[in-house]
Amino acid sequence: MAKWDPSTSPAFQPPHWMQIQFADQKQEFNKRLTKTGRHSLSRSLSHSSTDSYSSAASYTDSSEDEMSPRDRQQRSSKGHQDFCIKNIKQANFGRREIEIAEQEMPALMALRKRSGGEKPLVGAKVVGCTHITAQTAVLMETLSALGAQCRWAACNIYSTQNAVAAALAEGGFSVFAWKGESEDDFWWCIDRCVSLEAWQPNMILDDGGDLTHWIFKKYPNMFKMIKGIVEESVTGVHRLYQLSKAGRLCIPAINVNDSITKQKFDNLYCCRESILDGLKRSTDVMFGGKQVVVCGYGEVGKGCSAALKAMGSVVYVTEVDPICALQACMDGFRLVKLNEVIRQVDLVITCTGNKNVVAREYLDRMKNGCIVCNMGHSNTEIDVVSLRTPELTWEKVRSQVDHVIWPDDKRIILLAEGRLLNLSCSTVPTFVLSITATTQALALIELYNAPEGRYKPDVYLLPKKMDEFVASLHLPTFDAHLTELTDEQGKYLGLSKTGPFKPNYYRY
Ligand SMILES: NC(=O)c1ccc[n+]([C@@H]2O[C@H](COP(=O)([O-])OP(=O)(O)OC[C@H]3O[C@@H](n4cnc5c(N)ncnc54)[C@H](O)[C@@H]3O)[C@@H](O)[C@H]2O)c1
Numbered sequence: 001m002a003k004w005d006p007s008t009s010p011a012f013q014p015p016h017w018m019q020i021q022f023a024d025q026k027q028e029f030n031k032r033l034t035k036t037g038r039h040s041l042s043r044s045l046s047h048s049s050t051d052s053y054s055s056a057a058s059y060t061d062s063s064e065d066e067m068s069p070r071d072r073q074q075r076s077s078k079g080h081q082d083f084c085i086k087n088i089k090q091a092n093f094g095r096r097e098i099e100i101a102e103q104e105m106p107a108l109m110a111l112r113k114r115s116g117g118e119k120p121l122v123g124a125k126v127v128g129c130t131h132i133t134a135q136t137a138v139l140m141e142t143l144s145a146l147g148a149q150c151r152w153a154a155c156n157i158y159s160t161q162n163a164v165a166a167a168l169a170e171g172g173f174s175v176f177a178w179k180g181e182s183e184d185d186f187w188w189c190i191d192r193c194v195s196l197e198a199w200q201p202n203m204i205l206d207d208g209g210d211l212t213h214w215i216f217k218k219y220p221n222m223f224k225m226i227k228g229i230v231e232e233s234v235t236g237v238h239r240l241y242q243l244s245k246a247g248r249l250c251i252p253a254i255n256v257n258d259s260i261t262k263q264k265f266d267n268l269y270c271c272r273e274s275i276l277d278g279l280k281r282s283t284d285v286m287f288g289g290k291q292v293v294v295c296g297y298g299e300v301g302k303g304c305s306a307a308l309k310a311m312g313s314v315v316y317v318t319e320v321d322p323i324c325a326l327q328a329c330m331d332g333f334r335l336v337k338l339n340e341v342i343r344q345v346d347l348v349i350t351c352t353g354n355k356n357v358v359a360r361e362y363l364d365r366m367k368n369g370c371i372v373c374n375m376g377h378s379n380t381e382i383d384v385v386s387l388r389t390p391e392l393t394w395e396k397v398r399s400q401v402d403h404v405i406w407p408d409d410k411r412i413i414l415l416a417e418g419r420l421l422n423l424s425c426s427t428v429p430t431f432v433l434s435i436t437a438t439t440q441a442l443a444l445i446e447l448y449n450a451p452e453g454r455y456k457p458d459v460y461l462l463p464k465k466m467d468e469f470v471a472s473l474h475l476p477t478f479d480a481h482l483t484e485l486t487d488e489q490g491k492y493l494g495l496s497k498t499g500p501f502k503p504n505y506y507r508y
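The opening residue of the sequence shown carries number 1 in full-length UniProt numbering; numbering runs sequentially from there.
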């Protein structure tokens, strides 16, 4: 795998419009706040987050709802027809969702402004496969403002916000996605994005690797025209490294998943906030005084533990890695084995990325009313399959909430059937997605504009300077004042005053 090495790789130099201008951005942000008002901003955000769930019911048109979008002629009010979504009539609702997201995505909005007349993505034809949400819409509209043409499909059959897809289609984007696609629809939508004679993509933005895989399988010749792949997910990145190892990756790719601005923010801060949201929305649980065990003290575990501790819960942690275990101890958590606390805890949260962490023997010993949920990627951390036995009764209480009842009437509360709690039961904070989306946008700009030979067919990490740039674009939101190195200090540390400020091996 090729690692970015500042000593041998050409240093990333942000074009002049990317230069950091804190004063400007702060003013911009404050202007937006004044326009909506601080109070209304926070209100509209919480409204938005519930809307994403309640919206389907209020926006749907029942007659059209029954027919598959694939069987319907679709047309926007301006005559655009190259899209396939649930219902174009939802466009106005979707536009409002996008406008709310824009308020929490300052860096993308700054990129649009900053580029002025300069369009670093002119000529770029980006085919994307990501969650189609208001935040993705802000990304797509930013790419378009920077000169790119975009065609998009969803990377998940359930996550599309239909109203947002409608707003994008109404705005002239070619979007092929709706909530509740079948497996066949899923691949059909991806195919519709790429199988066009008149429009050949030259950049890929993928989340999960399915789009890349489809092009490899069906249209391998297309790679002759494609300059690069930007991949966001652990799974997709894993596939790219496998292709690279096998010598089958024929174009460069940027692994966004492992960039600092994704990993250290999405995993930690996103989970720190959304764990509480997911639990509250699904169970209305009171956190104060509750005994909680968090399995795994990596980034996600650290976020969950910190949030629950702050709410007054008594938090225990389990770990297999002595380093993370020591971190948990130093952060003030009791490090235990699961069997030591399983009878007394009110809440069990898995965050390990591992399997069978909460096996049936633990589920048997939990106390009545214990809540069990997972924040890790895979649904194998809790052995849910072992609960599908005749002696146990399953009772659906709410969407994503099941009571599993033992013969002696003991019941546990299982959330989202052991799938990711925050993505299943709540939404994730827009600001964190802004950081990831900005990283994606910059990765596309870098790959698209890179001179011949800068990137070979291999998987690269984002240059650190770009990571720093993404972070700097988000600082004005907090009215943060960054200290500048003096010439003397820069010399002393051997650093340029404009970064990068850390070596690649620095762990943050
Ligand atoms: N819910 C979300 O929004 C979200 C966001 C980012 C990542 N994730 C997922 O969450 C999982 C964890 O991510 P991370 O960044 O914290 O990973 P990480 O590798 O930093 O942390 C996982 C920790 O679990 C520990 N562990 C492994 N097996 C264990 C076991 N049997 N018992 C106790 N501890 C064990 C590991 O030693 C490690 O410290 C991954 O699956 C990741 O894909 C979820």
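Even for Gly, the Cβ is constructed at its ideal location relative to N, Cα and C.
Beta-carbon separation (whole angstroms), residue i vs residue j, contact threshold 8 angstroms
i	j	result
Asp129	Cys155	The amino acid at residue 129 is misidentified as Asp; the sequence shows Cys. Indeed, because the Cβ distance is near 5 angstroms, the residues count as touching under 8 angstroms.
Gln135	Thr430	6 angstroms
Leu415	Ile371	7 angstroms
Gly296	Glu319	7 angstroms
Asp266	Thr436	6 angstroms
Gln161	Gly209	Contact flag wrong, Cβ pair sits at about 22 angstroms.
Ser244	Ala169	The pair is not a contact, with the Cβ atoms about 36 angstroms apart (cut-off 8 angstroms).
Per DSSP, the bridge partner or partners of residue i
i	result
Ile251	In DSSP, Ile251 forms no bridge with anything.
Arg72	The partner list for Arg72 (beta bridge, DSSP) is empty, contrary to what the question assumes.
Trp199	Leu196
Phe176	Cys84, Ala153
Asn374	Thr350, Leu420
Lys396	Asp402
Gly128	Trp152, Leu205
Gln440	Paired residue(s): none; Gln440 is not in a bridge.
Glu231	Asp206, Asn255
Cys295	Thr318, Thr350
Arg411	Ile405
Val459	Ala253
Leu335	Val317
Glu382	Note that residue 382 is Ile in the sequence shown, not Glu. DSSP lists Val358 as partners of Ile382.
Contacts around residue i, its chain only, beta-carbon distance under 7 angstroms, and the 5 residues preceding and following it disregarded
i	result
Ile260	Asp467, Tyr508
Gly490	Ser496, Lys497
Val401	Ser282, Thr283, Ile413, Leu415
Cα-Cα separation between residue i and residue j, rounded to whole angstroms
i	j	result
Ala477	Val300	Here the sequence assigns Thr to residue 477, which means Ala is not the residue at that position. Spanning the two alpha carbons is a distance of roughly 24 angstroms.
Lys280	Met286	8 angstroms
Arg454	Cys250	14 angstroms
Ser174	Ala137	12 angstroms
Gly332	Leu482	30 angstroms
Ser68	Lys86	8 angstroms
Glu381	Lys119	45 angstroms
Asp207	Ser434	15 angstroms
His131	Lys78	26 angstroms
Arg334	Lys355	23 angstroms
Glu66	Arg72	11 angstroms
Ser282	Leu276	10 angstroms
Thr142	Asp321	41 angstroms
Gly353	Asp191	31 angstroms
Leu493	Phe501	9 angstroms
Leu387	Gly376	19 angstroms
Gly303	Leu268	5 angstroms
Spatial neighbours of residue i in its chain, beta-carbon cut-off 8 angstroms, leaving aside the 5 residues before and after
i	result
Gln344	Gln291, Lys367
Leu397	In the sequence as displayed, the identity of residue 397 is Val instead of Leu. Excluding sequence neighbours, Val397 sits near His403, Ile413.
Asn449	Pro120
Leu240	Gly209, Thr212, Ile229, Glu231, Leu249, Ala253, Asn255, Val459
Exposed unless 16 or more other CB atoms sit within 10 angstroms - verdict on residue i
i	result
Ser182	exposed
Asn255	buried
Cys189	buried
Pro503	exposed
Arg248	exposed
Asn339	exposed
Ser115	buried
Gly236	buried
Val230	buried
Asp258	exposed
residue 509	A query on residue 509 cannot be resolved here, the shown segment of the chain reaching from 1 to 508 and no further.
Glu446	buried
Ser399	exposed
Same chain, Cβ closer than 6 angstroms to residue i, five either side skipped, listed in chain order
i	result
Glu395	His403
Gly278	Leu421, Asn422, Cys425, Ser426
Asn379	Gly418, Arg419
Ser44	Since pLDDT at Ser44 reaches only 27, below the 50 mark, its modelled position is unreliable, and the value read off the structure follows with that caveat. For Ser44, where only same-chain residues beyond five positions count, the Cβ hits under 6 angstroms are Ile100.
Gly172	His80
Gln21	Low per-residue confidence applies at Gln21: pLDDT is 45, beneath 50, and the placement is therefore not dependable enough to give any value.
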